[in-house]
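Protein chains: 2
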Amino acid sequence: MPPEYKVVYFNLRGRGELLRLLLHAAGVQFVDQRVEFADWPSLKSSTPEGTLPYMVIGGKEYGESMPLARYIARKYSLMGISELDQLNADIILNHIDDIRNAVSRARNDKSLTEDQKKEIEAKAMTELLPKLLRRMETRLTENKHGYLIGNILSIADLAFFDLLETSLKEIHNLLENFPKIREHRKRIETYPRISKYLATRPDTKI
Amino acid sequence: MPPEYKVVYFNLRGRGELLRLLLHAAGVQFVDQRVEFADWPSLKSSTPEGTLPYMVIGGKEYGESMPLARYIARKYSLMGISELDQLNADIILNHIDDIRNAVSRARNDKSLTEDQKKEIEAKAMTELLPKLLRRMETRLTENKHGYLIGNILSIADLAFFDLLETSLKEIHNLLENFPKIREHRKRIETYPRISKYLATRPDTKI
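Chains A and B, in that order, are what the protein sequence lines are.
Heads up: the first sequence at position 54 corresponds to 54 in the UniProt record's numbering, and the numbers run straight through without jumps.
Heads up: the second sequence at position 180 corresponds to 180 in the UniProt record's numbering, and the numbers run straight through without jumps.
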């Protein structure tokens, strides 16, 4: 029987990597289909939302990365255990998504001037990201279990880990004053199913 | 015992109304606290995210409207029953939120020029909204139960109903070609706990 899931995205981490990390963490087999940029124009109109990533689940196609991420997380107990844990995980996801959206607007929104793009990216990197880092450092200091939510790995841990991957390539001392976040990254990197994937995934810039 | 929940928002529908609708639909008592604009500057720094709405749940404060809406929906079986229903509900919420975000940017983003604001709002109203209406009309035609997801009321129904409230005040013939959506609105308006709330809530422009 073929795997029940397929994740279709470019050969980038970007908005597709959280889906891949969740499925690996859950230990679920899936097809990790990576689309070439050259093939995208002809593929676009046949995708469920006109965007990537999309997923094939039980033969049907579904788009929109964050609803898909929450779907996998709910299904494989990666959303947090209690109802309030789930709320807290979802709030963290919103903060992460705000930063991703700002960076993506600053890089891709053709209706903006160059000055506006610079302003939006600067705000994301010098206000939103440091604010998130301070919050997460506090959270990891207060939560003695080494995870952002409760005492097990959740979508919040994976989304936060993934967000910093690109920022760390650009700002090497980003975590200089955040020892708990550095420990947290180690914990994710050595999480058995995740470490196996990280060791073999394609190396991409973003 | 005081109600477990408090919803704190301006005296507007806006981003707070979905929380109120969900709690009314669930038949849960809550304090519907409405903040005067004059009081907002002094209140802002003490809110959990620096924004409204926020909620008080069991004595603790939580911000971010969509995570809060999904929290209430999960807790009171308004998120859809099956895992795929929940995914579909969440995808619809994303579409609705995209339109809200575009309109809100067009009205409030001080870094944009007047021309850019007009362009964003025009795109939301002439592209995104009609596309959503066509999708929801199709969904209501295919789903024989009269709801957007499965056979019971869900967060998707309430969020879609709420989104159209403001648009319908501005575009009276918006639903001329969408008979199923008109029926759907009647179904929500006459849903017992909702109809009682709609009859008594403050009348606000947005």
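We put the beta carbon where it would ideally sit given N, CA and C, even for glycine.
Residue closest to residue i, alpha-carbon to alpha-carbon, out of the options
i, options, result
"B/R185", "B/P202, B/H24, B/F160 and B/N143", "B/F160"
"B/K205", "B/E17, B/L148, B/N101 and B/Y62", "B/E17"
"B/L128", "B/S195, B/R100 and B/L168", "B/R100"
"A/R187", "A/I91, A/L163 and A/L158", "A/L158"
"A/A73", "A/R20, A/E61 and A/I96", "A/R20"
"A/A26", "A/Y76, A/P3 and A/P67", "A/Y76"
"A/I171", "A/R139, A/R134, A/T126 and A/A89", "A/T126"
"B/K44", "B/I57, B/F30, B/E176 and B/Y9", "B/Y9"
"B/L140", "B/S104, B/E183 and B/A199", "B/E183"
"B/D109", "A/R107, A/A199 and A/A102", "A/A102"
"A/E176", "A/L133, A/S111 and A/F30", "A/L133"
"A/Y5", "A/M66, A/G58, A/K144 and A/H145", "A/G58"
"residue 207 of chain A", "A/R13, A/P3 and A/P179", "The first residue shown for chain A is 1 and the last is 206, placing residue 207 of chain A beyond what the model contains."
Residue(s) in a DSSP beta bridge with residue i
i, result
"B/Y191", "In the DSSP output, where bridge partners are listed per residue, B/Y191 has none listed."
"residue 225 of chain A", "Residue 225 of chain A cannot be examined here, being either before or after the span of chain A that is shown, 1 to 206."
"A/D32", "A/V7"
Close beta carbons around residue i, own chain, < 8 Å, minus the five adjacent residues each side
i, result
"A/H24", "R193, I194, K196 and Y197"
"A/N11", "R34, V35, E36, P202 and T204"
"A/M66", "L93 and D97"
Close beta carbons around residue i, own chain, < 6 Å, minus the five adjacent residues each side
i, result
"B/T166", "I206"
"A/L168", "L174"
"A/Y191", "none"
"B/L163", "I96"
"A/A124", "I99, A102 and V103"
"residue 214 of chain A", "The first residue shown for chain A is 1 and the last is 206, placing residue 214 of chain A beyond what the model contains."
Own chain, CB closer than 7 Å to residue i, minus 5 neighbours either side, in chain order
i, result
"B/M136", "L148, F160 and I181"
"B/A69", "L18, L19, L22 and I155"
"A/G63", "T47, P48, E49, T51 and Y54"
"A/D32", "V7 and R20"
"B/E189", "S195 and L198"
"A/E142", "none"
"B/D85", "I149 and G150"
Listed by chain order, chain B residues near residue i by CB distance under 8 Å
i, result
"A/K75", "E83"
Per-residue contacts from residue i into chain A (C-beta, under 9 Å)
i, result
"B/R70", "R70, Q86, L87 and D90"
Partner residues on chain A for residue i, Cβ-Cβ distance less than 8 Å
i, result
"B/S111", "Q116, E119 and I120"
"B/N94", "E64, M66 and P67"
7 Å Cβ cut-off: residues of chain B touching residue i
i, result
"A/R202", "Note that residue 202 of chain A corresponds to Pro in the displayed sequence, not to Arg. Neighbours of A/P202 on chain B: none; closest Cβ ~27 Å, over 7 Å."
Next on the checklist: Under 8 Å: do the region 115 to 126 of chain B and the region 29 to 49 of chain B share three or more Cβ pairs, one atom per stretch?
Outcome noted: no
Next on the checklist: Quick check: the region 144 to 153 of chain A against the region 72 to 81 of chain A, are at least 3 beta-carbon pairs closer than 8 Å?
Outcome noted: yes
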